[in-house]
Amino acid sequence: MTARRRGARRVLQWAVRARVALAVLCMASILSGGPPAGAANAWDLVHPRDFDWRSHEQRLELAADLRTRLNLLIAVVPPQAPQALERVQHEQAELEALAERASPRRLSRLYLSRDYQHMMLVDLLTGARAALDCVLAATAVEPEMACWAQLSGRLLQEQPLDVALRTLREAHVLPRDEDMPVKAQDPLVWYGEYGRGVLEQILTPYLESVAAVPQEER
């Protein structure tokens, strides 16, 4: 079996496991009556109950809860050694200079290396946190929605997140999922669902409301 086919098979297996885990968790929530009523939280993106996207307060509550969950994962990612980061960036620069003349095997070695995946994970997670900070700091709905769009784009990078977490856990750089705080567990299941929830529960209804306003009234 070629490396490409093995990679595609792993992605398919992960997708099936993620969807099964999500279905089980959603059913458990439904049978138990769902999470307790109160402030909006990340679960509203997956199984909305009383969430109203038009409520600025609820959107901020949801963003704050997402940021808490994200920070728990970021806290266990050790800082990358400057020398390791420099090596990755140097190799990237050389491969970019070679363009199509770059060896596919050399590209694969870089992409699958622990140092490259460490850099990618830090970039993905800190980028998502920056988008949430942007949401929380926004003073008008239009820039806030742009921040939500940035967040969704980050959270929907499911395959890069899968590769990075798997690579670093196999290298014993990160703790096992079961050793993580509860709110930081199963990011491979929840981050993509959060990203889709942002699209479905916040961005889409917002854009529909804007489209419903006649052009001359905007």
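Residues 155 to 372 (this note's numbering) make up the sequence shown, in order. We put the beta carbon where it would ideally sit given N, CA and C, even for glycine. Predicted model, so just to flag it, every value in this text is computed and none were measured.
Exercise for the section: Pull up the CB-CB distance for glutamine 369 and proline 202, whole angstroms please, since I reckon it's below 8 angstroms. Expected result: Translated into positions along the sequence shown, residue 369 becomes position 215. Translated into positions along the sequence shown, residue 202 becomes position 48. About 30 angstroms; that fails the 8 angstroms criterion.
Exercise for the section: My understanding is that alanine 196 touches glutamine 212, with C-beta atoms under 8 angstroms, so please give their C-beta distance in whole angstroms. Expected result: Taking the first residue of the sequence shown as position 1, residue 196 is located at position 42. Taking the first residue of the sequence shown as position 1, residue 212 is located at position 58. With a Cβ gap of about 12 angstroms, alanine 196 and glutamine 212 do not count as contacting.
Exercise for the section: Excluding the 5 residues preceding and the 5 following glutamine 234 in the sequence, name in chain order all residues of the same chain whose CB lies nearer than 8 angstroms to its CB. Expected result: Here residue 234 corresponds to residue number 80 of the sequence shown, with the count starting at 1. The residues are Asp269, His272, Met273, Val276.
Problem - Sub-7 angstroms separation of alanine 285 and glutamine 304 beta-carbons - result: Translated into positions along the sequence shown, residue 285 becomes position 131. Translated into positions along the sequence shown, residue 304 becomes position 150. Going by C-beta atoms, alanine 285 is nearer than 7 angstroms to glutamine 304.
Problem - Rounded Cβ spacing between leucine 290 and alanine 338 (contact assumed at less than 8 angstroms) - result: For the purposes of this step, residue 290 is taken as the residue at position 136 of the sequence shown. For the purposes of this step, residue 338 is taken as the residue at position 184 of the sequence shown. Leucine 290 to alanine 338, Cβ: 20 angstroms. No contact.
Handout entry: Boundaries of the alpha helix (DSSP H) in which isoleucine 356 is found, first to last residue
Key = One-based indexing of the sequence shown puts residue 356 at position 202. Counting along the chain, isoleucine 356 sits inside no alpha helix (DSSP H), nor does DSSP assign it H or E at all.
Practice task
Assign arginine 208 to one of three DSSP states: helix, strand, or coil.
Solution key: For the purposes of this step, residue 208 is taken as residue 54 along the sequence shown, with counting starting at 1. It is coil, neither helix nor strand.
Practice task
With DSSP as the reference, label leucine 185 as helix, strand or coil.
Solution key: The residue you call residue 185 lines up with position 31 of the sequence shown. With a pLDDT of only 32 at leucine 185, under 50, the local geometry of the prediction cannot be trusted, and the value read off the model is given with reservation. It is helical.
Practice task
Express the C-alpha separation of leucine 361 and aspartate 198 in angstroms, rounding to a whole number.
Solution key: What you label residue 198 is simply residue 44 of the sequence shown in a count that begins at 1. What you label residue 361 is simply residue 207 of the sequence shown in a count that begins at 1. Taking the straight line from one Cα to the other gives about 19 angstroms.
Exercise for the section: Please work out which residues of its chain come closer than 7 angstroms, Cβ to Cβ, to valine 317, disregarding the five sequence neighbours upstream and downstream, and give them in chain order. Expected result: Walking along the sequence shown from the start, residue 317 turns up at place 163. If we look at valine 317 and ignore the five residues flanking it on each side, its Cβ neighbours are Gln271.
Exercise for the section: Give the DSSP-derived three-state secondary structure of histidine 326 in the structure shown. Expected result: For this step, residue 326 is matched to residue 172 along the sequence shown. The answer is coil: DSSP assigns histidine 326 none of H, G, I, E or B.
Problem - Straight-line gap, valine 231 to histidine 210 (C-alpha atoms, nearest Å) - result: Within the sequence shown, residue 231 is the residue found at index 77, counting from 1. Within the sequence shown, residue 210 is the residue found at index 56, counting from 1. Distance between the alpha carbons of valine 231 and histidine 210 is about 32 angstroms.
Exercise for the section: Let me know if aspartate 219 comes out buried or exposed under the rule of 16 or more other beta-carbons within 10 Å of its beta-carbon. Expected result: As a first step, residue 219 must be located in the sequence shown, where it is residue number 65. Buried is the call here.
Practice task
Can you tell me which of the three DSSP states methionine 273 falls into?
Solution key: The sequence position of residue 273 within the sequence shown is 119, counting from 1. Helix at methionine 273.
Problem - Residue closest to leucine 357, alpha-carbon to alpha-carbon, out of Leu278, Ile228, Glu298 - result: As a first step, residue 357 must be located in the sequence shown, where it is residue number 203. Comparing Cα-Cα distances from leucine 357 to each of Leu278, Ile228, Glu298, the minimum goes to Glu298.
Practice task
Work out the CA separation of aspartate 204 and proline 314 for me, nearest whole Å.
Solution key: As a working note, residue 314 is residue 160 in the sequence shown. As a working note, residue 204 is residue 50 in the sequence shown. Proline 314 and aspartate 204: Cα-Cα distance of roughly 33 angstroms.
Exercise for the section: Please classify arginine 255: is it buried, with 16 or more other beta-carbons within 10 angstroms of its beta-carbon, or exposed? Expected result: Looking up residue 255 in the sequence shown gives position 101. Answer is exposed; the Cβ neighbour count stays below 16.
Practice task
Check whether the Cβ atoms of leucine 224 and proline 335 sit closer than 7 angstroms, and answer yes or no.
Solution key: Reading the sequence shown from its first residue, position 70 is the one you call residue 224. Reading the sequence shown from its first residue, position 181 is the one you call residue 335. For leucine 224 and proline 335, no; Cβs fall outside 7 angstroms.
Practice task
Determine the extent of the alpha helix (DSSP H) in which proline 368 is found, giving its start and end residues.
Solution key: Within the sequence shown, numbered from 1, the residue matching residue 368 stands at position 214. Premise fails: proline 368 is in no alpha helix (DSSP H) and is neither H nor E.
Problem - glutamate 371, buried or exposed, once every other Cβ within 10 Å from all chains shown has been counted against 16 - result: Translated into the one-based positions of the sequence shown, residue 371 becomes position 217. By the neighbour-count rule (16 or more Cβ atoms within 10 Å), glutamate 371 is not buried but exposed.
Problem - Close-in-space but distant-in-sequence residues of the same chain around glutamate 245 (CB under 7 angstroms, 5 per side omitted) - result: For the purposes of this step, residue 245 is taken as the residue at position 91 of the sequence shown. Correct list, in chain order: Leu264.
Practice task
Would you give the residue range spanned by the alpha helix (DSSP H) that proline 233 belongs to?
Solution key: The residue given as residue 233 occupies position 79 in the sequence shown. Segment: none, proline 233 is in no alpha helix (DSSP H) and carries neither H nor E.
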